[in-house]
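One structure is given here, and the rest of the page talks about it.
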Amino acid sequence: MSAHDEDTRQKDKESESASSDIDREPYVDNTKDRYWDDKQKLIKTCQDGVGTISSGKRPLNIAIIGPPGVGKSSLLNTIFASFSDNSWNQVANYGSFYKMDKQISQRLISYKKDRYYTRKGPNNKDDDVLMPTFIDMMGFEDSNTAVNRELLNMVFFGRITEYEKINEVLRCLSDDGTNGAKNKYHTRNEYLVVDRIIFVCSLDPDVPLPINLMECVTEVSNDIRGIPVFGVMTKADKFDAERNVRVQEREQKFRDHLGCPMERFTRIKNYCVDIDQKTRYRFSLIPEIDVAILELMTQVFSRFVEVENPDARPNYSDQTKKKCKESEEDDFQVPIPPRNGTPKSSSCINFPKIFILFTIQVLLIGVILHFAIKPIIAEEKVNTICANYDFIRSKHNATIDGLSEELCEHKVDIFKRKILLGGALVFVTIVPQIVFNFFFATSKT
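No gaps in the numbering here: position 63 of the sequence shown is 63 in the UniProt record's numbering, and each next residue is one more.
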């Protein structure tokens, strides 16, 4: 970057930073603000979009997703303030461990209507409004791996419960693999199945864009249910997309990778010290900020925006059978250690194959035993031999050698099948097993 570009960039930052601080006195009358009427109209549009309890529907569940440190919890507090007529309140815990590789949000936390919505309306009419439930959690790493995809699946299909630590789920994925984690978490009852996703990212052009995470979210959200995704870029008070070319390029890339049209995107200023170092918004509101986020909420809450396949769920039983003996995906980065020094078994039993093989073996053994036990010399022939023996003995004109010769002619036949019986049983036991193993191995390939 040239010295001129660096100087221009520094001036842009200074001008943006200087204009970000909103000069506003505490305890002002919010109703006299020029954006107040617009705010009330947008709130009414949002209320109409979600409907009322009498509709019989459940509230929408909206997940806030993004990398660490982009202002997800601050965004939630801004959304909650936009529906208030009084002042901003810290409903969602937020903060920053500056460059210390820590996050405030460690658990999955839901914010239902009764935690943030204080409007009553005429005759308490607003009590019936079906306001959504917002779901907050820790930031995701910028990766599109089997671990991240499975973690998102667990979030989107409501398999992670209230206040459950996300790191414990990740540890389960690392220790037991994705199949082991599926057996643990996807057998649970559904908690909060996600209907909308808001992906949050910073406008700061010096921060790498989480492209891998965005691709991961779009892949998982579209895979089974088709969950609508919306995009929010924070820190609009510091980085002006109208004047800064680098910010404009970042915004365009963000929407392209997220597949997010302009109607489902906005850049916002959060209620924070960056816009008011004295935090006077604790005693009043800034309707200008509220309007920006409410315009997006009208789209998020809209009854015309729907999950494409709301009742669809992943079928893990079939996938487990098919992949029972396969290794984990190549991009799964964490090795799975043996438990107590014993390697983990990954075998599975193919009951149909065993049943067919056993049936054939029983039939073959039955056929062999039938012919093996059946006498070689027929009953009529034995009777004839015995009659001849009696005749010879009564007349004394023949020796026993003749009869011995008669019997000796059949000695080989008499003993032959008994000798072959053992070999036949070994054949029936081993050969079908080899043939079946070869057949099933060929059919899989």
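From the three backbone atoms N, C-alpha and C, an ideal C-beta is built for every residue, glycine too.
DSSP state of residue i, grouped into three classes?
| i | result |
| --- | --- |
| residue 226 | coil |
| residue 197 | strand |
| residue 27 | coil |
| residue 298 | helix |
| residue 279 | coil |
| residue 271 | coil |
| residue 238 | coil |
| residue 182 | helix |
| residue 165 | strand |
| residue 431 | helix |
| residue 220 | helix |
| residue 362 | helix |
| residue 129 | strand |
| residue 120 | coil |
| residue 207 | coil |
| residue 449 | Look at the range of the chain in this structure, 1 to 445, and you will see that residue 449 is not part of it. |
| residue 213 | helix |
| residue 36 | helix |
| residue 82 | helix |
| residue 292 | helix |
| residue 42 | helix |
| residue 188 | coil |
| residue 388 | helix |
| residue 176 | helix |
| residue 171 | helix |
| residue 114 | helix |
| residue 160 | coil |
| residue 367 | helix |
| residue 77 | helix |
Please report the distance separating the alpha-carbon of residue i from that of residue j.
| i | j | result |
| --- | --- | --- |
| residue 177 | residue 142 | 20 Å |
| residue 128 | residue 54 | 8 Å |
| residue 171 | residue 151 | 11 Å |
| residue 36 | residue 88 | 15 Å |
| residue 65 | residue 175 | 24 Å |
| residue 70 | residue 201 | 6 Å |
| residue 277 | residue 238 | 14 Å |
| residue 30 | residue 284 | 7 Å |
| residue 50 | residue 358 | 60 Å |
| residue 281 | residue 32 | 16 Å |
| residue 249 | residue 213 | 19 Å |
| residue 140 | residue 356 | 48 Å |
| residue 192 | residue 157 | 7 Å |
| residue 134 | residue 162 | 12 Å |
| residue 147 | residue 261 | 28 Å |
| residue 42 | residue 82 | 10 Å |
| residue 304 | residue 240 | 32 Å |
| residue 185 | residue 179 | 10 Å |
| residue 145 | residue 216 | 8 Å |
| residue 302 | residue 295 | 11 Å |
| residue 263 | residue 38 | 18 Å |
| residue 77 | residue 354 | 59 Å |
| residue 188 | residue 181 | 11 Å |
| residue 471 | residue 266 | Limits of the chain in this structure are 1 at one end and 445 at the other, which puts residue 471 out of reach. |
| residue 45 | residue 126 | 13 Å |
| residue 194 | residue 306 | 11 Å |
Spell out the partners DSSP gives residue i in its beta bridges.
| i | result |
| --- | --- |
| residue 231 | 199, 265 |
| residue 109 | 136 |
What is the residue span of the alpha helix (DSSP H) that residue i lies within?
| i | result |
| --- | --- |
| residue 154 | 146-156 |
| residue 253 | 245-258 |
Is residue i near the ligand MN, with its Cβ less than 8 Å from a heavy atom?
| i | result |
| --- | --- |
| residue 65 | You won't find the ligand MN in this model; it holds no ligand whatsoever. |
Say whether chain C places a C-beta atom closer than 9 Å to the C-beta of residue i.
| i | result |
| --- | --- |
| residue 106 | Any reference to chain C falls outside this structure, which holds one protein chain only. |
Legend entry - Uninterrupted beta strand (DSSP E) stretches inside the stretch 44-75 (no shorter than 3 residues): 61-65
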